[in-house]
Amino acid sequence: MDTEDQDRSPSTVKQVVDRARRLHAKPEGLLVFGDDVDAGVEGLAADAGPPKKILEHLNVLAELAQALRQGPLGTTRVQWLKNRNVNASDESESTSTSASEMRQRVWHDGQYRRKFTLHTKPNDGTRTSWCVRIYFDWDPDKEVIIVAWIGRHP
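Throughout the sequence shown, residue numbering follows this note's numbering, covering 34 to 187 in sequence.
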């Protein structure tokens, strides 16, 4: 990636995802993007997030992967993210125990489809095409964060 590209703030969600893939998804990378990410991005307004904030969240998720590779965090993943100014949460008990709600949180992780509950919240926009959620999980075998969904709130 050239310096000009690094200096330019992304203006669309697609540009953000493309940049994050270049930065963090190399074979030895920290993030793996699941097969449903592009479909989620297509369902968002181009300027949702805003894009710069989505990139910040993805960069911090890469930092989380690096920290997890070093050993225990000493706190929950959600709290670790919050300590770095990333609004994150796990699904509520009512959502986690609802079969219909959890069916909406099944995405492809790069190998197979499974449930994801951890997510970051770049914003809480009132327009559905602008309300972004980034669903993710840690893969302890590959030592990467799987980004399964970047899209509308389910």
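Note that the Cβ used here is the ideal one computed from N, Cα and C, for glycine as well.
| query | result |
| --- | --- |
| Quick check on the burial criterion: 16 or more other C-beta atoms within 10 angstroms. Buried or exposed for residue 107? | exposed |
| Return the residue from the list 182, 151, 88 that minimises the CA-CA distance to residue 56. | 88 |
| For residue 70, which option in 119, 160, 181 has the closest C-alpha, if you only look at C-alpha atoms? | 181 |
| With a CB to CB cut of under 7 Å and the five nearest residues on each side skipped, what residues in its chain are close to residue 68? | 141, 143 |
| Who are the Cβ neighbours of residue 37 in its own chain at under 7 Å, not counting the five residues just before and after it? | With a pLDDT of 43 at residue 37, under the threshold of 50, the predicted position of this residue should be treated as unreliable, though the coordinate-derived value follows. Result list for residue 37: empty, nothing under 7 Å. |
| Tell me the rounded alpha-carbon separation between residue 62 and residue 132. | 33 Å |
| Determine the direct distance from the alpha carbon of residue 161 to that of residue 46, and round the result to whole angstroms. | 15 Å |
| I'd like to know whether the C-beta atoms of residue 167 and residue 73 end up nearer to each other than 7 Å. | no |
| So is residue 90 buried or exposed if we call it buried at 16+ other beta carbons inside 10 Å? | buried |
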